[in-house]
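Chains as they are written, first to last, in the working numbering: chain C, 543 to 775; chain D, 100 to 487.
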């Protein structure tokens, strides 16, 4: 494996069974993503882009094929090992933010740090630093319901980066945002990529969002299209 | 590390109405259990603290209580000369012949009334119970139709107060004193002069029992043996403390019924807690999925939801204790199946009973929370994230 590749998948296939039907969500997808890349995975609904992201994050297991992230073959890990691995190496940003409503912004960001060996004070310091980084230093004690959508997503990004992971995976991070908030979020992701050399893989169907990425790959009907090839309209 | 406890506390606070309703259900269950236990504790305390460990009650062989016992006066005279009996300063042996009978008295809250024990005894019998003190008035005079009543009788029965009269036997008996027996079974008795009561009930030669005080525990045992071996007397001696302690069996049917009702209610309350927690798990499916993605293990999720259920039930337990606390010290009475009369007691909410209540609530919480928590822990991450 090329040491520059932070993610490498080989013939990755995911097939679902629903009643008597077999649904091919992803078919023979092979991709290599270099360290420090900002890759946008694009495609229409049902094209398999989220499935690919979930397999890279080890949220789901492939039907066949291999996925290696940061030199770790994910199929070789147990559920418990995967949970710990994900906590250490992956920050995940969801379309719907998925903040815990009963916890404040700082407490939400502190959550992944509870699984580390940091002291309470260190955890609070890290969480506050992450929130300041996304421009929410003045919103630390606010609950999600007291924040706008864009602010919620920025808290989610702070939560994703608080453990200082090498990889940030974002699933339609601007899907629920107005254009101004979307730009703010994308700018933050782009900064994290350029200034902190974080590898970012973002699923989107928004061409404007994809412009923030350094590379774009398209998927269609579960197939990863070759570089530079666009789906047929 | 586990999911922070504030997550559970705040979730309970957020769904206030559901939390309060479920906790109230558990509170009522705990209150029923504690009410029964407080009653049993009060009754046991009244009966188990009655009597002097150096004294024994002599009754006819195989008599379960003084009420059904018949002891000839001459047999009691024979007992007086046995070895090992303590003596009064004037040299008289500490042996008190006593008559026990019952009469029906109307209660303040129940005109149909209940049976009350009447004890005929001499002044020696009173002196042999020095722990009993006169609250108001004086002791009865020999040869007079006078009685002293226990404070529980005075509090619970009509016309049982000082200077009033009670009608039993062949006429009226004036209440000249109210005594305090320290919340023992004697508080539920009416005491009068032995000979006067014997005359009224035509029992001049047949007593119910004799109270005998030994010089020491070894002498007490020897007296019991001597009494059992004496075929002529056909009597048996029972340690006074053991005699009253044995009457706690009176509480068993109520205790059983109460526990049965409490357990049935507890099953219902566990289902209520389970229902609440299942709803919580369903509503927070996405949060569960998110926590899993952040790296929290299935075990952490399970623990968190069990803990939340535990919090809910402990809140109910504390509410139940608060509900039942005003009962502490409340005076009541129960029909004693051994003496066929009512024994008064105070409800006693002891620290041990509070611990039982909290433990009971804990068990309900764990039982109610375990299955929903298991469902939460086993949830598929992607399926959980797709929930609305």
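Beta carbons are placed, not taken as given, at the ideal position from N, Cα and C, and that holds for glycine.
Environment of residue i [buried if 16+ CB atoms lie within 10 Å]
i, result
"residue 668 of chain C", "buried"
"residue 772 of chain C", "exposed"
"residue 729 of chain C", "exposed"
"residue 563 of chain C", "exposed"
"residue 617 of chain C", "exposed"
"residue 231 of chain D", "buried"
"residue 113 of chain D", "exposed"
"residue 695 of chain C", "buried"
"residue 343 of chain D", "buried"
"residue 587 of chain C", "exposed"
"residue 388 of chain D", "buried"
"residue 731 of chain C", "buried"
"residue 580 of chain C", "buried"
"residue 716 of chain C", "buried"
"residue 543 of chain C", "Note that residue 543 of chain C has pLDDT 48, beneath the 50 cutoff, so the model's placement of it is unreliable and no number is given."
"residue 482 of chain D", "exposed"
"residue 256 of chain D", "buried"
"residue 749 of chain C", "exposed"
"residue 116 of chain D", "exposed"
"residue 267 of chain D", "buried"
"residue 324 of chain D", "exposed"
"residue 622 of chain C", "exposed"
"residue 484 of chain D", "buried"
"residue 454 of chain D", "exposed"
"residue 558 of chain C", "exposed"
"residue 317 of chain D", "exposed"
"residue 412 of chain D", "buried"
"residue 760 of chain C", "buried"
"residue 441 of chain D", "buried"
"residue 596 of chain C", "buried"
"residue 565 of chain C", "exposed"
"residue 189 of chain D", "exposed"
Element boundaries [alpha helix (DSSP H), containing residue i]
i, result
"residue 627 of chain C", "621–631"
"residue 323 of chain D", "316–328"
"residue 694 of chain C", "691–703"
"residue 743 of chain C", "Taken as a continuous stretch (DSSP letters only), residue 743 of chain C belongs to no alpha helix (DSSP H), being part of the beta strand (DSSP E) at 741–746."
"residue 340 of chain D", "339–344"
"residue 551 of chain C", "Looking at the DSSP string, residue 551 of chain C is not in any alpha helix (DSSP H); the run it does join, the beta strand (DSSP E), is 547–560."
"residue 112 of chain D", "104–113"
"residue 722 of chain C", "721–738"
"residue 749 of chain C", "749–752"
Residue i: first and last residue of the uninterrupted beta strand (DSSP E) it sits in
i, result
"residue 249 of chain D", "245–249"
"residue 758 of chain C", "757–762"
"residue 212 of chain D", "209–220"
"residue 206 of chain D", "194–206"
"residue 311 of chain D", "308–312"
"residue 712 of chain C", "709–713"
Distance between beta carbons of residue j and residue i, contact taken as under 8 Å
i, j, result
"residue 397 of chain D", "residue 477 of chain D", "7 Å"
"residue 151 of chain D", "residue 339 of chain D", "6 Å"
"residue 569 of chain C", "residue 762 of chain C", "So it is not a contact: roughly 11 Å between Cβ atoms."
"residue 364 of chain D", "residue 131 of chain D", "6 Å"
"residue 700 of chain C", "residue 672 of chain C", "4 Å"
"residue 249 of chain D", "residue 286 of chain D", "4 Å"
"residue 371 of chain D", "residue 121 of chain D", "5 Å"
"residue 743 of chain C", "residue 612 of chain C", "The pair is not a contact, with the Cβ atoms about 13 Å apart (cut-off 8 Å)."
"residue 146 of chain D", "residue 347 of chain D", "5 Å"
"residue 156 of chain D", "residue 217 of chain D", "About 16 Å separates the two Cβ atoms, so there is no contact after all."
Neighbour flag for residue i against chain B, beta carbons, 7 Å
i, result
"residue 563 of chain C", "Any reference to chain B falls outside this structure, whose protein chains are C and D."
Inside the stretch 575–661 of chain C only - beta strand (DSSP E) runs reaching at least 3 residues: 580–584, 606–611 and 632–635
Does the pairing of the stretch 179–191 of chain D with the stretch 358–369 of chain D give three or more beta-carbon distances under 8 Å? no
Any alpha helix (DSSP H) of 4 or more consecutive residues that is wholly inside the stretch 224–271 of chain D: 250–255
Going along the chain, which unbroken runs of the beta strand (DSSP E) with 3 or more residues stay wholly within the stretch 141–188 of chain D? 154–159
Segments of 4+ residues assigned as alpha helix (DSSP H) that fall wholly inside the stretch 354–400 of chain D: 384–393
Note down, one range per segment and in chain order, each beta strand (DSSP E) of at least 3 residues found wholly within the stretch 424–487 of chain D. 430–435 and 440–445
Validate contact between the stretch 639–648 of chain C and the stretch 677–693 of chain C using beta carbons, cut 8 Å, 3 pairs: yes
Do the stretch 136–153 of chain D and the stretch 461–480 of chain D touch if we need at least three Cβ pairs shorter than 8 Å? no
Inter-stretch contact (C-beta, 8 Å, three-pair minimum) for the stretch 320–334 of chain D and the stretch 201–209 of chain D: no
Would the stretch 446–461 of chain D count as touching the stretch 117–136 of chain D if we require 3 or more Cβ pairs under 8 Å? yes
Between the stretch 166–175 of chain D and the stretch 282–292 of chain D, do at least 3 Cβ pairs fall closer than 8 Å? no
Cβ pair count under 8 Å reaching 3, the stretch 703–710 of chain C against the stretch 644–664 of chain C: yes
Three CB pairs or more closer than 8 Å across the stretch 308–316 of chain D and the stretch 277–288 of chain D: no
With three or more C-beta pairs closer than 8 Å as the rule, is the stretch 185–199 of chain D touching the stretch 409–423 of chain D? no
Entirely within the stretch 267–305 of chain D and at least 3 residues each: give me those beta strand (DSSP E) ranges in chain order. 270–279 and 288–292
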